[in-house]
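Colleague: I'd like to ask some things about the structure below.
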Amino acid sequence: MKEKILLKAQLPKLIEELRKIYRVLAPVKDNGFYVYKAISSADEVDLDFANTKIPPKEIFFPRSEVLFTYKRTDNGIELIEPENSVEKQVILGIRGCDAQSFLLLDKFFAYGKFDDPYFAQRRKNTLLIGLACNDPRSTCFCTSVGGSPFSEAGMDIILTDLGDKYLVKSLNVKGNELLERIPWIEDANERDIFDAMQLTKKALAAIKEELPIEKLNNTFAEVFDEDAFWLQFSQKCIGCGSCSFLCPTCHCFDVVDEESSTGGKRIRLWDTCQFPLFTLHGSGHNPRPTGRQRLRQRVMHKFNYYPKILSEIGCVGCGRCILACSVNQDIRVVFKAVQES
Amino acid sequence: MVQITDMKKKGNPYLPKLTTIEGIIRENDVNDLKTFKLVFKNPDDFKKFEYISGQFAELSFFGAGESPIGIASSPTEEGYLLFTVKRVGVVTTSLHESKEGTTVGIRGPFGNGWPIEDLIGHNLVIIGGGFAFSTLRSLTVYILANRHLFKNVTVIYGAREPAELCYKQDLAEWEKRDDLNLTLTIDRAVDGWTKKVGFIPAVTKEVAPSANNAYAIVCGPPVMIRFTIPVLTELGFSNDNILLSLENRMKCGIGKCGHCMIGEKYVCTDGPVFTQTQLQSMPKEY
Numbered sequence: 001m002k003e004k005i006l007l008k009a010q011l012p013k014l015i016e017e018l019r020k021i022y023r024v025l026a027p028v029k030d031n032g033f034y035v036y037k038a039i040s041s042a043d044e045v046d047l048d049f050a051n052t053k054i055p056p057k058e059i060f061f062p063r064s065e066v067l068f069t070y071k072r073t074d075n076g077i078e079l080i081e082p083e084n085s086v087e088k089q090v091i092l093g094i095r096g097c098d099a100q101s102f103l104l105l106d107k108f109f110a111y112g113k114f115d116d117p118y119f120a121q122r123r124k125n126t127l128l129i130g131l132a133c134n135d136p137r138s139t140c141f142c143t144s145v146g147g148s149p150f151s152e153a154g155m156d157i158i159l160t161d162l163g164d165k166y167l168v169k170s171l172n173v174k175g176n177e178l179l180e181r182i183p184w185i186e187d188a189n190e191r192d193i194f195d196a197m198q199l200t201k202k203a204l205a206a207i208k209e210e211l212p213i214e215k216l217n218n219t220f221a222e223v224f225d226e227d228a229f230w231l232q233f234s235q236k237c238i239g240c241g242s243c244s245f246l247c248p249t250c251h252c253f254d255v256v257d258e259e260s261s262t263g264g265k266r267i268r269l270w271d272t273c274q275f276p277l278f279t280l281h282g283s284g285h286n287p288r289p290t291g292r293q294r295l296r297q298r299v300m301h302k303f304n305y306y307p308k309i310l311s312e313i314g315c316v317g318c319g320r321c322i323l324a325c326s327v328n329q330d331i332r333v334v335f336k337a338v339q340e341s
Numbered sequence: 342m343v344q345i346t347d348m349k350k351k352g353n354p355y356l357p358k359l360t361t362i363e364g365i366i367r368e369n370d371v372n373d374l375k376t377f378k379l380v381f382k383n384p385d386d387f388k389k390f391e392y393i394s395g396q397f398a399e400l401s402f403f404g405a406g407e408s409p410i411g412i413a414s415s416p417t418e419e420g421y422l423l424f425t426v427k428r429v430g431v432v433t434t435s436l437h438e439s440k441e442g443t444t445v446g447i448r449g450p451f452g453n454g455w456p457i458e459d460l461i462g463h464n465l466v467i468i469g470g471g472f473a474f475s476t477l478r479s480l481t482v483y484i485l486a487n488r489h490l491f492k493n494v495t496v497i498y499g500a501r502e503p504a505e506l507c508y509k510q511d512l513a514e515w516e517k518r519d520d521l522n523l524t525l526t527i528d529r530a531v532d533g534w535t536k537k538v539g540f541i542p543a544v545t546k547e548v549a550p551s552a553n554n555a556y557a558i559v560c561g562p563p564v565m566i567r568f569t570i571p572v573l574t575e576l577g578f579s580n581d582n583i584l585l586s587l588e589n590r591m592k593c594g595i596g597k598c599g600h601c602m603i604g605e606k607y608v609c610t611d612g613p614v615f616t617q618t619q620l621q622s623m624p625k626e627y
């Protein structure tokens, strides 16, 4: 399908069209930070953003989620599965890194003998309308992990901001079908496509560093037992876990029961390997008792274990962990240290 | 025999099946070890619960949560499952405080289990310490029910004191058999104990099972394992023929929650059974 042009003035009209068919999630400014939210009006949407503070993984993998509820009856216990009715939904304005993170999570939650039905159910029926990154942040390093500010992977449609309009490119059948429903959207001309190409070049040039992370895979294993190597980073880490809670690909969780007078519910919650409790045995023994081991686990999981299990790096280079860290830990510095070791 | 395949499992793996506690056996004097006999409320669920020795399940005490517990019964025992539970945390304490008739949820079976196929036709040396004997009890019962499939079977089982030895009824029966070489030991001598006294590594050295065409299957506290492996190596067991079962904190049991990871391995899905060769290539995060 030929590229289209959407004037920014027409964006509310497009969103209202989408809302007729889909639940629409889009970046909304909330308390000074951007977050993906289900919107009830086009006015709420603000596409003039770098990226959200909280990753969009919570759309499919909520930070707290009821796995089932149970009722105490005269005959014992009755289990009730939640009805996660999944409406058709669109995420508008997803960045390339986050769309890539969905592909990783898809692979992870379907890996092995057991699929995760909760993730899969929320994920299906979701259309992704991406927004290319014209201005990557100083903390972005998607190009080091196989991504790009203009990555289309995982998206159905991608928008490129051309100032007063968006270049609209459909990437597959689902995207075509959607655009066909919008008769008033006009075709782009050669000039628009040329402008978008120039922006791609500019955005790529804006990401200063490219780290050969794929080549570092084995080097990570070589420094595994070097305590001093990990200590130089873990010494300043306060173990708050923000890096993993705000990571679009971190997917570890805890499971707890919440009891009420007549029954209760079993809930899963985001968890992080950065907490000592994460590995604590009932006996009191802890396989990863030190911060150095816990920091190492997070780095190794993403850059060594993930490639071994799923043939992909478990990081999309969004830089949220760098932005969120209260002690200025920078994963890129770890890469450089690994490279130099 | 049940085969563990890589086929996708259908259904919601987070949803427990319901069972009833139909029996509680107090295993020790201190009363922090109990064996629970669980019977599925729906008999079909038992048929679908196809397991092999060495696998585990997630037991739910509703309102307290879940705990991964090794299956102590053998698939050759029809109609019920056995779990030996040590009272340690919230879930296990709730289980200990429950009476017969209480509803308990169960998810599983999970994990790889003992490699029965590999063990067939071999001499087996089963070494257990303390309450870690549960999946070894399962294996021993399985072996005795299919005795012709296996060659010589040696069982070395030790505990701190006589009262800490689990499955006393089974042990009494096994002692009478001539197709099983059973050695029981306690850490320190007590009045009335006529069997061996000494730690597992020393007793293993004394029993000196042959490594010829043999597998050693070891479960116990870390300190016991640490000192038993060198004895087995000295007896000629190769690292490929030493099998161990690991424990780690876990939540989901299906390789998703991330808690039990050791390197790129998940104890819940890649294990809990590993060979000593595998363990040597893994980080010591267990």
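Chains as they are written, first to last, in the working numbering: chain C, 1 to 341; chain A, 342 to 627. No residue lacks a Cβ here, since even glycine has one placed at the ideal position from N, Cα and C.
Quick one: what's got a C-beta closer than 6 angstroms to C:H77's C-beta in the same chain, skipping five residues either side?
Modeller: On the first sequence, position 77 is the one that residue 77 of chain C refers to. Correcting the residue identity first, residue 77 of chain C is Ile in this sequence and not His. Answer for C:I77: Y70, listed in chain order.
Colleague: Starting from A:T633, find everything on chain C with Cβ-Cβ shorter than 7 angstroms and list it in chain order.
Modeller: Residue 633 of chain A lies beyond the stretch modelled for chain A, which goes from 342 to 627, so this question has no answer here.
Colleague: Do the CB positions of C:V168 and C:I185 come within less than 8 angstroms of each other?
Modeller: Along the first sequence, read from residue 1 onward, the residue named residue 168 of chain C stands at position 168. Along the first sequence, read from residue 1 onward, the residue named residue 185 of chain C stands at position 185. Taking a C-beta distance under 8 angstroms as the contact criterion, C:V168 and C:I185 qualify as a contact pair.
Colleague: Please report the residue range of the beta strand (DSSP E) in which C:E65 lies.
Modeller: Counting from one through the first sequence, the residue named residue 65 of chain C turns up at place 65. Taken as a continuous stretch (DSSP letters only), the beta strand (DSSP E) holding C:E65 covers S64 to T73.
Colleague: Determine the DSSP secondary structure at C:W270, reduced to helix, strand or coil.
Modeller: Residue 270 of chain C sits at position 270 when you count from the first residue of the first sequence. Strand.
Colleague: Fully enclosed by the stretch 154-221 of chain C, which beta strand (DSSP E) runs are 3 residues long or longer?
Modeller: 157-161 and 165-170
Colleague: CA-CA distance, A:K440 and A:G430?
Modeller: For the purposes of this step, residue 440 of chain A is identified with residue 99 of the second sequence, where counting begins at 1. For the purposes of this step, residue 430 of chain A is identified with residue 89 of the second sequence, where counting begins at 1. Looking at the two C-alpha atoms, the distance is approximately 18 angstroms.
Colleague: Figure out for me which residue from A:P542, A:L525, A:A543 and A:W515 has the closest Cα to the Cα of A:T535.
Modeller: Looking up residue 535 of chain A in the second sequence gives position 194. Looking at the Cα atoms, A:L525 is the closest of the given residues.
Colleague: For a test of the three-state rule: what should DSSP assign to C:I313, helix, strand or coil?
Modeller: As a working mapping, residue 313 of chain C is identified with position 313 in the first sequence. C:I313: coil per DSSP, three-state reduction.
Colleague: Give a yes or no on whether 8 angstroms exceeds the smallest Cβ distance from C:S283 to chain A.
Modeller: As a working note, residue 283 of chain C is residue 283 in the first sequence. Taking Cβ atoms only, chain A reaches closer than 8 angstroms to C:S283, which makes this a yes.
Colleague: In whole angstroms, what is the alpha-carbon distance linking C:K29 and C:A196?
Modeller: Stepping through the first sequence from its first residue, residue 29 of chain C is reached at position 29. Stepping through the first sequence from its first residue, residue 196 of chain C is reached at position 196. If you take the alpha carbons of C:K29 and C:A196, they lie about 26 angstroms apart.
Colleague: How do the stretch 41-53 of chain C and the stretch 3-12 of chain C stand: do at least 3 beta-carbon pairs fall below 8 angstroms, yes or no?
Modeller: Cβ pair count under 8 angstroms is three or more, so yes.
Colleague: Residues of chain A with CB closer than 8 angstroms to the CB of C:G76, please, in chain order.
Modeller: The residue you call residue 76 of chain C lines up with position 76 of the first sequence. Per Cβ cutoff of 8 angstroms: L359, T361, K382 and T444.
Colleague: Report, in whole angstroms, the separation of the C-beta atoms of A:D386 and A:K358, which I expect to be a contact under 8 angstroms.
Modeller: Translated into the one-based positions of the second sequence, residue 386 of chain A becomes position 45. Translated into the one-based positions of the second sequence, residue 358 of chain A becomes position 17. Contact flag correct, Cβ pair sits at about 4 angstroms.
Colleague: Tell me which residue opens and which closes the beta strand (DSSP E) that C:C247 is part of.
Modeller: Taking the first residue of the first sequence as 1, we reach residue 247 of chain C at position 247. In the DSSP assignment, C:C247 falls outside any beta strand (DSSP E), carrying neither H nor E.
Colleague: Considering only residues of the same chain and omitting the five flanking positions on each side of C:L171, which have a CB-CB separation below 8 angstroms?
Modeller: Reading the first sequence from its first residue, position 171 is the one you call residue 171 of chain C. So the list reads E152, M155, D156, I157 and I158, once near-sequence residues are dropped.
Colleague: With the cut-off set at 8 angstroms, would you say A:N369 and A:E505 are in Cβ contact?
Modeller: Along the second sequence, read from residue 1 onward, the residue named residue 369 of chain A stands at position 28. Along the second sequence, read from residue 1 onward, the residue named residue 505 of chain A stands at position 164. Taking the C-beta atoms as reference points, A:E505 is found nearer than 8 angstroms to A:N369.
Colleague: Cα separation between C:Q297 and C:P287?
Modeller: Within the first sequence, residue 297 of chain C is the residue found at index 297, counting from 1. Within the first sequence, residue 287 of chain C is the residue found at index 287, counting from 1. C-alpha separation (whole angstroms): 11 angstroms.
Colleague: Assign A:M348 to buried or exposed, taking buried as 16 or more other Cβ atoms, counted over all protein chains shown, within 10 Å of its Cβ.
Modeller: Here residue 348 of chain A is taken as the residue at index 7 of the second sequence, counted from 1. Exposed is the call here.
Colleague: Report yes if the CB atom of A:L436 is closer than 8 angstroms to the CB atom of A:L400, and no otherwise.
Modeller: The residue given as residue 436 of chain A occupies position 95 in the second sequence. The residue given as residue 400 of chain A occupies position 59 in the second sequence. In contact: A:L436 and A:L400 (Cβ atoms closer than 8 angstroms).
Colleague: In chain A, which residues lie with their C-beta within 7 angstroms of the C-beta of C:L67?
Modeller: The sequence position of residue 67 of chain C within the first sequence is 67, counting from 1. Proximity of chain A to C:L67 at the Cβ level (cut-off 7 angstroms) is accounted for by Y355, in chain order.
Colleague: I need the boundaries of the alpha helix (DSSP H) containing A:D459, first residue and last residue.
Modeller: One-based indexing of the second sequence puts residue 459 of chain A at position 118. Run containing A:D459: I457 to L460, per the alpha helix (DSSP H) assignment.
Colleague: With 16 other CB atoms within 10 Å as the buried threshold, where does A:Q617 fall?
Modeller: Stepping through the second sequence from its first residue, residue 617 of chain A is reached at position 276. Looking at its Cβ environment, which holds 16 or more other Cβ atoms inside 10 Å, A:Q617 is buried.
Colleague: If we cut at 8 angstroms on Cβ distances, does C:E81 have a partner in chain A?
Modeller: The residue you call residue 81 of chain C lines up with position 81 of the first sequence. Yes, its Cβ sits closer than 8 angstroms to a Cβ of chain A.
Colleague: Going along the stretch 583-598 of chain A in order, which residues come within less than 8 angstroms of chain C, judged by CB to CB distance?
Modeller: Taking 8 angstroms as the Cβ-Cβ cut-off against chain C, the residues of the stretch 583-598 of chain A that qualify are E588, N589, R590, K592, C593, I595, G596, K597 and C598.
Colleague: How big is the Cα-Cα spacing for C:C273 and C:F233?
Modeller: Numbered from its first residue, the first sequence carries residue 273 of chain C at position 273. Numbered from its first residue, the first sequence carries residue 233 of chain C at position 233. Each residue's alpha carbon lies about 16 angstroms from the other.
Colleague: Chain C beta carbons: is any one of them nearer than 8 angstroms to that of A:E407?
Modeller: Within the second sequence, numbered from 1, the residue matching residue 407 of chain A stands at position 66. Interface residue, yes.
Colleague: With distances taken between CB atoms, is the gap from A:M565 to A:G470 smaller than 8 angstroms?
Modeller: The residue labelled residue 565 of chain A in the question sits at position 224 within the second sequence. The residue labelled residue 470 of chain A in the question sits at position 129 within the second sequence. Against a cut-off of 8 angstroms, the Cβ pair of A:G470 and A:M565 comes out as a contact.
Colleague: Please report the distance separating the alpha-carbon of C:D164 from that of C:T126.
Modeller: Taking the first sequence and counting its residues from 1, the one referred to as residue 164 of chain C is at position 164. Taking the first sequence and counting its residues from 1, the one referred to as residue 126 of chain C is at position 126. Rounded to whole angstroms, C:D164 to C:T126 spans 28 angstroms at the Cα level.
Colleague: My output table needs one value for A:T444: the three-state DSSP class, helix, strand or coil.
Modeller: Locating residue 444 of chain A in the second sequence gives position 103, counting from the first residue. Looking at A:T444 - three-state DSSP - the assignment turns out to be strand.
Colleague: Count the other CB atoms, across all protein chains shown, that sit within 10 Å of the CB of A:R478; report buried if there are 16 or more and exposed otherwise.
Modeller: Counting from one through the second sequence, the residue named residue 478 of chain A turns up at place 137. Answer is buried; the Cβ neighbour count reaches 16.
Colleague: From C:S85, C:Y36 and C:T73, pick the residue whose C-alpha is nearest to that of C:K57; which is it?
Modeller: Your numbering for residue 57 of chain C matches position 57 in the first sequence. Comparing Cα positions, the closest option is C:Y36.
Colleague: Can you give the Cα-Cα distance for A:P409 and C:Q100, rounded to whole angstroms?
Modeller: On the second sequence, residue 409 of chain A is found 68 positions in, with the first residue counted as 1. On the first sequence, residue 100 of chain C is found 100 positions in, with the first residue counted as 1. Computed Cα separation, rounded: 34 angstroms.
Colleague: State yes or no: is the C-beta of A:I527 within less than 8 angstroms of the C-beta of A:E547?
Modeller: Your numbering for residue 527 of chain A matches position 186 in the second sequence. Your numbering for residue 547 of chain A matches position 206 in the second sequence. For A:I527 and A:E547, no; Cβs fall outside 8 angstroms.
Colleague: Assuming the contact rule is C-beta atoms closer than 8 angstroms, A:G577 and C:D257 should be a hit. Round their C-beta distance to whole Å, please.
Modeller: Along the second sequence, one-based indexing puts residue 577 of chain A at 236. Along the first sequence, one-based indexing puts residue 257 of chain C at 257. Incorrect: roughly 49 angstroms between the Cβ atoms, too far for contact.
Colleague: Along the chain, where does the alpha helix (DSSP H) that runs through C:S260 open and close?
Modeller: To locate residue 260 of chain C, count along the first sequence from 1; it is residue 260. Note, C:S260: premise wrong, no alpha helix (DSSP H); not H, not E.
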